[in-house]
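Those letters in the sequence shown? Residues 376 to 661, by the working numbering. First comes the structure, then the notes that go with it.
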Amino acid sequence: MIEPPEEVTPERPGGDGRTPLVELDGVSKYYGNIRALEGVSLEVHAGEITCVLGDNGAGKSTLIKIVSGLHRHDGGDLRIEGESTALASPREALDRGIATVYQDLAVVPLMPVWRNFFLGSEPTRGKGPFRRLDTALMRETTRGELRRMGIDLRDVDQPIGTLSGGERQCVAIARAVYFGAKVLVLDEPTAALGVKQSGVVLKYVAAARDAGLGVVLITHNPHHAYLVGNRFVLLKRGVMAGSHLKDEIALDELTRQMAGGSELEELSHELERAPVPGHLGGHPSD
Ligand SMILES: Nc1ncnc2c1ncn2[C@@H]1O[C@H](COP(=O)(O)OP(=O)(O)OP(=O)(O)O)[C@@H](O)[C@H]1O
Ligand SMILES: [Mg+2]
């Protein structure tokens, strides 16, 4: 069991004196004997984007699950607006203003866009046995909110399954903004998208930031991170491999660190080695 370091002050402001919306301080998470995270720290501020970068298995999704209330951390401290907390459920995270958009997007593909927009929070009208869903309000609000964020959908009645992956991410972001999230957590929103669609999604991520939300953006892609990010946290096999403010690091350096710097150089040497005569096309015996 890892003991978190003693905190002297319960409320620790960020570097510029503001208390972060969300702060991880030396957080660890184990799945049985598997160390998924150890000693990870980051800050999320209003009107900023904190990017979490790392390769497969680095612990990015685990980190998100702690912030979104799916998993409890085993060590370290999670603070929400300065208050030390352990989130018991995604509902509790949501009640505290933390909205998460998962990569697989929990949507019902055959339901219209407006139904998905209000899924789990449907407004009703009438009382008692006359109570029913206020479909007109849901349609109108969805249409208005999407338009307000600059999302141009042909028709809010079309099944959400007919939207592209990028459009679905955009609807999910608009939904979090509409329902008053303070913190928006996005797990690899551009992972499955082409260049153009990635650009559109990043535009809405930036719009959420400009609306004053604190955003956590998980990504493999340092170029996407660098376009919109204010802070960059690099994870490698569950531990922090770097933490930088945008003006402390250039894109080249971020990319190099992300790619594993020296490991990549080693790999390039290995790949440059001349093939062994007589073994062309065969497997090196190693
Ligand atoms: N429920 C679980 N039970 C056991 N081990 C797990 C569980 N979830 C994740 N792990 C392990 O924890 C480590 C971190 O996994 P995680 O999913 O957080 O990585 P990731 O950075 O999101 O990877 P990817 O880029 O592939 O999504 C991995 O070694 C993974 O095998
Ligand atoms: Mg993941």
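From the three backbone atoms N, C-alpha and C, an ideal C-beta is built for every residue, glycine too. Note that the structure is a prediction, hence the values are computed from the model and not measured.
Where does glycine 519 fall in DSSP's three states?
helix
One question on the structure: do valine 590 and leucine 561 come within less than 8 Å of each other, judged by their Cβ atoms?
yes
For alanine 411, which residues of its own chain have a beta-carbon under 8 Å away from its beta-carbon, when the five flanking residues on both sides are left out?
Lys404, Tyr405, Gly434, Thr437 and Gly613
Where does serine 403 fall in DSSP's three states?
strand
Leucine 445 by DSSP, collapsed to three states: which one?
coil
Use the C-beta contact count for glutamate 542: other C-beta atoms within 10 angstroms, 16 or more gives buried, fewer gives exposed.
buried
Element boundaries [alpha helix (DSSP H), containing methionine 633]
626-634
What is the C-beta distance between phenylalanine 554 and cysteine 426, in whole angstroms, given that I count them as a contact (C-beta under 8 Å)?
Not really, about 23 Å apart at Cβ, beyond 8 Å.
Touch check for the region 544-558 and the region 456-476: three-plus C-beta pairs under 8 Å?
yes
Touching by the beta-carbon criterion (3+ pairs, under 8 Å), the region 564-575 and the region 533-548
yes
Are at least three pairs of beta-carbons, each pair with one atom in the region 480-496 and one in the region 447-466, less than 8 Å apart?
no
With ligand 1 as the reference, list in chain order each residue whose Cβ lies under 6 Å from any of its heavy atoms.
Tyr406, Ile409, Ala411, Gly429, Asn431, Gly432, Ala433, Gly434, Lys435, Ser436 and Thr437
Helix, strand or coil: how does DSSP classify phenylalanine 607 here?
strand
To which residues of the same chain is serine 618 closer than 8 Å at the C-beta, ignoring the five residues directly before and after it?
Ser416, Leu417, Arg606, Phe607, Val608 and Leu609
DSSP state of serine 464 mapped onto helix, strand, coil
coil
Between aspartate 562 and ligand 2, is there a pair consisting of the residue's CB and a ligand heavy atom that are separated by less than 7 Å?
yes
State the CB to CB distance for the pair alanine 549 and glutamate 520, rounded to an integer number of angstroms; the pair is presumed to be in contact (CB under 8 Å).
5 Å
Name the one or two DSSP bridge partners that threonine 499 has.
Leu508
Using 10 angstroms around the beta-carbon of asparagine 491, count the other beta-carbons present and answer buried if the total reaches 16, otherwise exposed.
buried
May I ask which residues mark the beginning and end of the beta strand (DSSP E) holding arginine 662?
With the chain covering only 376 through 661, there is no way to say anything about residue 662.
8 Å Cβ cutoff met for proline 564 and valine 576
yes
Simplified DSSP assignment, three categories, for threonine 537
helix
What does a CB cutoff of less than 6 Å around glutamate 497 pick up in its chain, not counting 5 residues either side in sequence?
Leu508
For glutamate 423 and lysine 621, the rounded distance between their alpha carbons:
11 Å
Kindly indicate the opening and closing residues of the beta strand (DSSP E) around arginine 562.
A small correction: the amino acid at residue 562 is aspartate; arginine does not occupy that position in the sequence shown. Counting along the chain, the beta strand (DSSP E) containing aspartate 562 begins and ends at 558-562.
What would DSSP say about alanine 567, mapped onto helix, strand or coil?
coil
Check this for me: beta carbons of alanine 463 and leucine 453, under 8 Å apart or not?
no
State the Cα-Cα distance for the pair isoleucine 317 and proline 534, rounded to the nearest angstrom.
Given that the chain is displayed from residue 376 to residue 661, the structure contains no residue 317 and the question cannot be resolved.
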